[in-house]
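Protein chains in written order, with our numbering: chain S, 1 to 212; chain U, 1001 to 1010.
Everything below concerns the one structure shown next.
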Amino acid sequence: MNVFRLTGDLSHLAAIIILLLKIWKSRSCAGISGKSQILFALVFTTRYLDLLTSFISLYNTSMKIIYVGCAYATVYLIYAKFRATYDGNHDTFRVEFLVVPVGGLAFLVNHDFSPLEILWTFSIYLESVAILPQLFMISKTGEAETITTHYLFCLGVYRALYLFNWIWRFYFEGFFDMIAIVAGVVQTILYCDFFYLYITKVLKGKKLSLPA
Amino acid sequence: GPQKSTKDEL
C-alpha cells in the first residue's frame, strides 16, 4: 500500500458517496446514466467474487463490500426509488457494444484461463469503458450539473492516482500487471477531455455546458 | 510461471 493507492481508493470512495448523496438529497437522478451505474455494479460483482474465496486484509474486504453495496444502492435509487426522475430518453448508449467485445477480449487476453480469472479480467476491461454511457449522455444533453462533474472528477482522479501507484509498484516492488495497466491507461485517457472542461469551467464557477 | 493479477488492489 502506497500513498497513491490509498488516495486513489479514497477518491473512488468519495465519487461513489457523492453520487449516492446527490441522488438521495435531491431525490432525483436526472442527468445520471443508469446504464453506467449498472455497468459499475457488474464490474464490482465480477471482480470481487474473490471475497468468497480469499482474504487479503480487513481494509481490502471492507472496501470491496462498501463499493459493491453502494453500487447496488445507486442502481436501486435510479431504477426503483426515483425511477420517475430517471432520464431514460437521453441514456441511449448501446451497452451491448461494450459488454460483448469486452467479454470476448477477457476470454482471449487474460493471465489464466479459469472462470474467476476471466471474470476478474472482464471487470478490469469493463471498468475502463463503463463511464462511456455517462459521458455520452452529457454530450447528448450538452450539460451536466456541477455535483455530477465533481463525481466524474473524483472517478477520473482515482484512475490517474492508480497509474502513479503502478509506477511506484514497478520501481519499488518490481511488480506490474499489464492487463490492469493498459486498461487503466485507456480509462484515464477517456477522462482527459472531461478534466479539461472541469478545470477551465467548473473550477471557475461556471456550469459545465458544451457548445451546441 | 504466468503473471499474477493484482488481486490486492480494488
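Note that beta-carbon positions come from the ideal geometry of N, C-alpha and C, so glycine has one too.
CB-CB under 8 Å to residue i, same chain, minus the five flanking residues each way: which ones, in chain order?
i, result
"N165/S", "N2, F4, R5 and G8"
"Q187/S", "E127, S128, V129, I131 and R159"
"V109/S", "T121 and I179"
"K140/S", "H90 and T92"
Check whether chain U comes within 8 Å of residue i, counting only Cβ atoms and requiring the distance to be less than that.
i, result
"I118/S", "no"
"I179/S", "yes"
"Y72/S", "no"
"D91/S", "no"
"H111/S", "yes"
"M137/S", "no"
"K204/S", "no"
"Y67/S", "yes"
"K64/S", "yes"
"I56/S", "yes"
For residue i, which residues of its own chain have a beta-carbon under 7 Å away from its beta-carbon, when the five flanking residues on both sides are left out?
i, result
"S36/S", "A130, I131, P133 and Q134"
"L119/S", "T46 and L49"
"Y125/S", "V102, L105, A106 and A183"
Any heavy atom of the ligand COA closer than 7 Å to the CB of residue i?
i, result
"P101/S", "Ligands are entirely absent from the displayed structure, and the ligand COA is therefore not among its contents."
Buried or exposed: residue i, going by 16 or more other Cβ atoms within 10 Å of its Cβ?
i, result
"T148/S", "buried"
"D91/S", "buried"
"G34/S", "buried"
"D177/S", "buried"
"F217/S", "Past the boundaries of the shown model lies residue 217/S; chain S is included only from 1 to 212, so the question cannot be answered."
In three-state terms, what does DSSP make of residue i?
i, result
"G1001/U", "Low per-residue confidence applies at G1001/U: pLDDT is 43, beneath 50, and the placement is therefore not dependable, though the value from the model is reported in the following sentence. Of the three classes helix, strand and coil, the one that applies to G1001/U here is coil, per DSSP."
"L52/S", "coil"
"S209/S", "strand"
"I18/S", "helix"
To which residues of the same chain is residue i closer than 6 Å at the C-beta, ignoring the five residues directly before and after it?
i, result
"F40/S", "A71 and A130"
"L98/S", "V129"
Worksheet item: In the stretch 138 to 200 of chain S, which residue ranges form an unbroken alpha helix (DSSP H) of at least 4 residues, counting only runs that do not cross its ends?
Response: 146 to 173 and 178 to 200
Review point. For the stretch 63 to 146 of chain S, which segments carrying the alpha helix (DSSP H) assignment without a break, of at least 4 residues, lie completely within its bounds, in sequence order?
Key: Uninterrupted alpha helix (DSSP H) stretches at least 4 residues long and entirely within the stretch 63 to 146 of chain S occur at 96 to 108, 115 to 129 and 132 to 141, given in chain order.
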